[in-house]
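*Asks:* Here my numbering runs 49 ahead of the position in the sequence shown, where the first position is 1.
C-beta: ideal position from N, C-alpha, C; glycine also.
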Amino acid sequence: DSRFAVQQDGHGERSMEPFEVVLSRSELEAWGLAWNGNSHAAKRFQVAGVDPCSPAGRWNREQQAFGLRGICRGDELFEVNGSSGHREMCQEL
Numbered sequence: 050d051s052r053f054a055v056q057q058d059g060h061g062e063r064s065m066e067p068f069e070v071v072l073s074r075s076e077l078e079a080w081g082l083a084w085n086g087n088s089h090a091a092k093r094f095q096v097a098g099v100d101p102c103s104p105a106g107r108w109n110r111e112q113q114a115f116g117l118r119g120i121c122r123g124d125e126l127f128e129v130n131g132s133s134g135h136r137e138m139c140q141e142l
């Protein structure tokens, strides 16, 4: 399992409460998160989309089944398995 800390899109501000996402995948499976190219160039991980057939997409469906919010476009990933630096998060991903 991998743990992701995600901040809801607050239009550039971290005004919303972050939430934790725990995902599992097979060795060859992608997480299913697409990144905004402009934010990635700025060493940030802003979600551009979620593949519905991926671990992230399955997690979103589980959340929605309970009436909870999933990972959405514009959300920002700011920690992966306890690592918050851009280089470390890249290695974890």
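(1) For the beta strand (DSSP E) containing Trp-108, list its first residue and its last residue.
(2) Looking only at DSSP bridge pairs, what is Ala-83 linked to?
(3) Quick one: what does DSSP say Arg-118 is sitting in, helix, strand or coil?
(4) Measuring alpha carbon to alpha carbon, tell me which of His-135, Gly-134 and Gly-123 ends up nearest Gln-57.
(5) Assuming Glu-137 is part of the beta strand (DSSP E), what are its boundary residues?
(6) Using the beta-carbon count (16 or more within 10 Å), is Pro-101 buried or exposed?
(7) From this set, Glu-69, Glu-111, Gln-112 and Arg-93, which residue's C-alpha is nearest Arg-136's C-alpha?
*Replies:* By the coordinates alone:
(1) Where Trp-108 is concerned, there is no enclosing beta strand (DSSP E), although the alpha helix (DSSP H) it sits in stretches over 104 to 114.
(2) Residue pairing of Ala-83 in beta bridges, as defined by DSSP: Gly-98.
(3) Three-state result, Arg-118: coil.
(4) If we check each option's Cα against that of Gln-57, Gly-123 comes out closest.
(5) First-last for Glu-137: 135 to 141, but that is the alpha helix (DSSP H), not the beta strand (DSSP E).
(6) So Pro-101 counts as exposed.
(7) That would be Arg-93, whose Cα lies nearest to the Cα of Arg-136.
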